[in-house]
Structures are given as C-alpha cells and as structure tokens.
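Notes to accompany the following structure.
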Amino acid sequence: MFAQHTLRRHLGACLAGLAAMALVGSIAAAPAQAETTEAADGSKVLRIATDGFIDSFNPFTSFYLMPTNTFKYMYENLVSNSAEDTSVTEGLATEWDTGSGGKVWTYKIRPDMKWSDDEPLTAEDVAWTYNQMMEKDEMSVANGGLVENFDKVETPDDQTVVITLKNPQANNPGQEIPVVPKHIWSKIDKPGEFKNDEQTVGSGPFQLESYEANKSVTLKANPNFWRGEPELDQIQYRYYTNSDAQVQAIRSGEVDFITGLSPEQFTAIEGADNVETNVGNGRRFQGISINSGLADADNEEFGTGNEALKDKKVRQAIRAGIDIDTLRDQVLQDYAQPATSFVPSVYEKFALPADNPVVSGFDVEKAKELLDEAGWKEGSEGIREKDGKTLELRLLTDSDATVEQKTAKFLKPWMKDIGIQLKNEASDVDTVSERTTKGDYDMYFSGWSLNPDPDYQLFINTCDSRPDAEGSGGTSQDGYCSKTFDKLYRQQHVELDENKRIDLVHQALAQHYEDTASITLWYPNQLEAYRSDRFTGFTKQPTDGGIIANQVGYWGYTSVEPVNAEDASGEGGGMGAGGWVGIAAAAIVVIGGGGFLLSRRKKSDDRE
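Using the numbering used here, you'd call the opening residue of the sequence shown number 15 and step up by one each time.
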C-alpha cells in the first residue's frame with residue numbers, strides 16, 4: 015500500500031500569463047458535462063464538482079479519499095480538532111482526563127444526543143465501535159492501528175467511556191475513529207462487506223442520502239447534529255470527466271465550489287466574475303517514493319525494484335541530484351511550501367525543522383561523490399556502471415497528471431548529469447496503482463494528507479505496517495522498514511511530556527530522511543474557488559491562511575450561508591447541498607476509475 019501525488023513551482027510572469035491565456039481558451043471550449051438532478055423548490059444546494067472514486071462508504075474498510083472525507087461529515091468522533099489551530103476540542107465527549115500516567119482515558123459523553131434516526135446516542139455506541147475494531151479483523155482494516163494499544167473499553171454508565179490502554183499513550187485515543195450506531199451496525203451480517211451507500215444513520219452534520227457511481231453523491235442535513243442543523247439542506251457532488259470542465263462549471267455557475275486546481279487553472283480563474291479564490295496552506299506532502307527493497311511484514315521480499323536502490327547512498331544521491339527549488343518554481347509556479355519530512359509545515363511543532371543537520375539541498379557534486387562511494391563508476395555516455403550493469407531506473411508516472419509529466423522532464427536530464435539513466439514509464443492511474451501495490455517500480459510520485467497528530471503516519475512507516483504483494487495486511491507509506499525508526503516510533507507513542515515527544519518525533523523524521531525511502535518535494539498549497547454570488551462565510555482551517563476543503567473535521571462549511579434563497583436553490587441541476595463541503599473539495603482531487611488509497615490509491619489526499 016503505497017502513496018502517490020503531484021508537484022509545483024513558479025513558471026515566471028511571462029510563461030504564467032501565456033499559460034493562463036491558453037487555459038482560458040481551452041476552458042471556455044470545454045463542455046461542462048455534469049450529472050444534473052433538479053432540486054426541490056427553495057432548497058439550499060451547495061454543488062461541488064468532482065471526479066472522485068469511491069469503493070464504499072464503510073468507515074471500517076475504506077481508505078479512499080472521497081469516502082474518508084465523507085466520514086467526517088457522517089460520524090462524529092469522541093474528540094474533534096479545532097478550526098483555529100487543529101488542537102483537540104469537543105466531539106461526542108464534552109470533557110476527558112487521563113489517569114495511571116496516561117494509561118487510562120475517561121470521557122464524559124454529551125447528554126441527550128440522538129442519531130439522525132432519532133435513536134439515543136450513548137457511551138455504548140462508542141464502546142461497541144471500538145470493541146468491534148479490537149476484536150474483528152474485518153472491522154480493523156482502515157483504522158486498526160488506532161486501537162492496537164487498546165486493552166479494553168468500558169462504559170460505567172450511559173455517559174461515560176473508559177479506555178484502558180496496554181501502554182501509556184501521548185496522543186488522545188479518542189481522535190480519528192468514526193463512531194457508528196450500534197443499533198444499525200450490530201444487525202449487519204457481514205459488516206466488512208457492507209457498502210453503507212444510501213440513507214445512512216450517523217451523528218455528524220450530514221448523512222449520505224444516495225450515491226450513483228460516477229454520477230452523483232448526495233448528502234442531506236442532519237437535524238439532530240449536536241452543534242445545530244446545518245444552514246444548507248444538501249451537498250451535491252456532480253461528476254465531471256476532466257478538470258477543465260470543472261473549472262468551466264465554476265465560471266458559468268453550474269457548480270459552487272471546486273478544489274484541487276492546478277496553478278494554471280488557478281491563474282486563469284482569478285478575477286472571474288463572482289468567483290472567490292483561496293490559496294490555503296494544506297496538510298499534504300508530495301514527493302517521490304523509492305523502492306528500496308520491498309518486503310512484507312514477515313520480511314518476504316517481493317517486487318521488481320532495482321537492486322541498486324537497496325543502497326542508501328544511491329538513494330541519497332538521487333535526492334542530491336534533484337533541484338527541488340527549481341521544480342517548485344517551474345512546475346508549480348511556487349504554490350507550495352518547501353518541505354523536509356512527511357509531516358507538513360502547517361503542523362509546525364512536529365514538522366522536521368529545516369535547520370536539522372540531516373536536511374540537505376541540491377548538490378550535483380555530492381550526488382556524484384555518493385555514487386562513487388557506492389561503487390558506481392562512469393561508463394559509456396556518462397551513465398554509471400557496476401558489475402557489468404548500467405544504472406538505469408524506472409520512474410512510474412500517471413500519464414494524465416500534468417505535474418508528474420512536467421516533473422519527469424526535469425528529472426531525466428538531472429539524473430543523467432549524475433550518471434543515472436531515467437526512463438519515464440507513463441501509464442493510466444489504475445495500472446500505476448496495480449504496479450505500485452505489487453512493487454513493480456523503481457520510483458513513483460506519492461503523497462498523503464496528515465492529521466494534526468503524526469502518530470498514525472509514523473506508525474505506517476514501521477516494519478509491521480508493510481503489506482504483501484497483493485496489498486493485504488498493513489498500510490505502508492513507502493514500504494519502509496528500520497528498527498531504529500520503529501524504536502523511536504514506540505518511544506514517542508508513549509511519551510507524555512510534549513517537549514520530549516516532539517524531540518523523539520523529530521529524531522524519527524530525521525532517521526527516515528537519512529534512510530531516503532522517499533524524497534519529500536513540497537507541501538502543496540490547496541488552490542480552491544467558490545461562487546461568491548451564491549454562498550458566503552466559509553471557514554478556513556487553520557483560520558490563518560488555511561484551507562476550506564479537505565479539513566480535519568467539518569468546519570469549512572459550518573458557517574456557510576447562501577447569499578439569498580433564490581441563488582441557493584440549485585436550479586438547473588442543483589440537488590441541494592448542506593453547508594459544510596470539506597468533502598467536496600477533497601473529492602475533486604480523487605480519480606474516478608480505480609482510485610488510490612490515501613496515498614497512491616486515491617488521486618489526491620490522505621489517509622485521514
């Protein structure tokens with residue numbers, strides 16, 4: 015289970031202007047092909063363009079971007095993350111405390127809550143959800159790592175949940191796990207196979223009303239949501255076959271929100287009538303994953319990775335030979351933050367500082383020196399040789415991903431400069447997903463979105479998280495395995511002193527950087543736009559320079575209000591939309607057809 019994604023930087027005023035002009039022309043000519051459904055008269059509809067892939071809406075099994083973002087709206091967690099700075103705040107629980115040195119966590123559940131079907135929501139639902147994940151493999155596929163440290167979950171009364179851990183735990187164990195209604199899920203014969211794709215029952219602000227593959231997703235407002243019923247009635251995701259059609263749809267007013275814009279699209283749409291744009295510092299990293307010798311959790315090797323990549327010096331040389339600053343400028347028009355590790359800079363305290371001693375920059379001579387030390391000597395036409403073999407590597411790319419193709423064009427001559435022959439193997443997204451799962455690659459573009467606490471992302475870089483060649487077992491970021499990293503992961507996992515824990519996290523990230531199982535290129539800005547003539551009051555996360563869509567939670571649209579009832583009716587294809595469309599934005603980036611797990615199995619964002 016590995017990761018995928020794209021890149022960016024500054025093309026220059028002249029080129030950007032020309033690209034924007036060209037794009038405007040192509041956008042204007044592109045037909046906006048959307049599945050249309052009439053909204054009820056007077057309904058408040060937030061319409062969102064998407065091409066998102068969905069396997070199911072089962073929170074116990076799905077890793078894909080669109081569903082995992084939808085879960086934030088359908089199911090409340092024990093605790094949430096604030097809009098202001100992503101710090102832990104109230105969810106189903108109004109308060110919590112720890113005892114026994116962080117080994118016992120006690121939560122007080124908000125009284126008098128109801129599920130969307132009016133049944134009472136109690137501590138028993140929380141305990142049932144967690145215990146199912148602890149006891150049944152089919153219920154722990156997506157989030158099993160979050161309960162691996164749970165010893166038992168008890169409910170002394172209807173308003174109290176007590177989680178006893180095997181070992182003390184630093185991060186709040188009530189985060190990230192969607193709590194489902196026991197009275198619904200306990201009656202399902204095979205819950206691991208349940209699609210959960212219509213008329214859902216949940217506790218969040220919106221519930222899934224209907225879903226048609228590659229056509230539409232409709233969410234309706236939940237009047238029983240504890241923060242209050244959303245201002246909007248529904249969220250409608252409209253399916254478009256290409257991103258330019260999506261952009262044309264926002265310009266023409268066919269949709270109200272779009273995210274995942276490319277720099278060229280963003281430049282073209284800026285200044286459009288009644289369209290407001292946002293450049294948000296997101297929670298995603300993007301980079302290049304390297305096949306450093308894949309094996310499963312039992313150390314059974316698989317895949318076709320080049321043997322040369324098992325040598326750390328070769329992997330480090332590849333990083334030293336890439337001018338990341340130029341890539342950011344020429345490919346992404348500088349709509350990205352410089353990166354160090356796989357923890358984005360938006361999470362400032364945990365991100366690896368740029369002045370950490372392991373962090374290095376573009377250095378061709380250093381790259382050549384490292385290859386010399388690894389025994390690869392210059393041969394014919396400057397390509398390095400060793401033991402009768404030339405140093406030739408495959409870069410697996412998505413043929414439809416413009417950023418990947420642009421980046422590959424820069425990488426090929428840069429790699430040749432240091433003596434590596436690089437072949438761009440462009441393919442469709444489904445093939446890329448299949449090949450990366452089987453380990454049939456040398457390098458490929460990857461990317462994940464992270465939640466505020468880095469524990470999960472650290473966990474999926476441990477040796478025990480590695481899946482097999484069929485994709486069964488754990489979920490790994492890069493197939494990485496390091497005993498030193500694993501030890502640091504375990505230490506930070508139980509360290510209750512925040513400053514000490516931050517230091518341990520930095521050490522783990524530095525170890526990963528040094529081992530170079532992947533090369534983090536940047537933290538991309540999230541480029542989004544909405545119809546300011548129809549809706550107002552979008553909330554960013556974090557509130558200072560943050561994102562509207564794809565948040566950790568449901569804040570982006572909780573404060574959204576229609577400019578007036580007529581404009582919010584969604585006529586001409588509106589289906590009604592509820593006020594908090596964070597999912598919508600995330601959905602746009604996902605690819606229809608095969609999709610990738612929160613890394614390379616969804617075409618954009620995150621395991622949440």
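Here a beta-carbon is modelled for each residue, glycine too, at the ideal position from N, C-alpha and C. As the structure is a computational prediction, the values presented were derived from the model and not from experiment.
Query	Result
Those residues which DSSP pairs with Val-167 across a bridge	Ile-177
Own chain residues within Cβ distance below 8 Å of Val-38, not counting five before or after	The pLDDT assigned to Val-38 is 39, lower than 50, so where the model puts this residue is not dependable; a value taken from the coordinates is nonetheless given after this. Contacts found: Ala-282.
Supposed contact pair Gly-453 and Ile-397 - C-beta distance, whole angstroms, cut 8 Å	So it is not a contact: roughly 24 Å between Cβ atoms.
Sheet register partners of Tyr-544 (DSSP bridge)	Phe-271 and Glu-290
Cα-Cα separation between Trp-129 and Glu-104, rounded to whole angstroms	17 Å
Residues near Asp-518 in its chain [Cβ-Cβ closer than 7 Å; skip 5 each side]	Note on identity: in this sequence residue 518 is Leu, with Asp being the wrong assignment. Excluding positions up to five away in sequence, the list reads Leu-502, Gln-505, Gln-506 and Glu-509.
Simplified DSSP state of Glu-383, which is helix, strand or coil	helix
Option nearest Lys-426 by Cα separation, candidates Asp-442, Thr-416 and Leu-409	Leu-409
Tyr-225, DSSP secondary structure in three states	strand
Buried versus exposed call for Glu-321 [16 or more other C-beta atoms within 10 Å across all chains shown]	exposed
Simplified DSSP assignment, three categories, for Asp-111	strand
Any alpha helix (DSSP H) of 4 or more consecutive residues that is wholly inside the stretch 111 to 157	137 to 149
As assigned by DSSP and simplified to three states, the class of Thr-445	helix
Contact under 8 Å by Cβ, Gln-540 with Thr-498	no
Meets three-Cβ-pair contact criterion under 8 Å: the stretch 212 to 226 and the stretch 71 to 90	yes
Test item: CB-CB of Gly-485 and Ser-479 under 8 Å	no
Top-ranked residue by Cα proximity to Ile-474, from Gln-351, Glu-395, Asp-310 and Ala-368	Asp-310
Sequence-distant residues of the same chain with beta carbon closer than 6 Å to Ala-388, five excluded per side	Asp-325, Lys-327 and Val-328
C-beta neighbour in chain B for Leu-60, strict 8 Å	This model lacks chain B altogether; it includes just one protein chain.
Residue of Met-127, Tyr-225 and Thr-534 minimising C-alpha distance to Ser-374	Thr-534
Exposure of Asn-578, with buried meaning 16 or more beta-carbon neighbours within 10 Å	exposed
Residue(s) in a DSSP beta bridge with Asn-95	Val-102
beta-carbon Glu-152 near the ligand GTP non-hydrogen atom, thresh 7 Å	Within the structure as shown, the ligand GTP is missing, as the structure has no ligands at all.
Tyr-254 vs Gln-248 beta-carbon contact at 8 Å	no
Bridge partner(s) assigned by DSSP for Thr-232	Ser-224 and Gln-250
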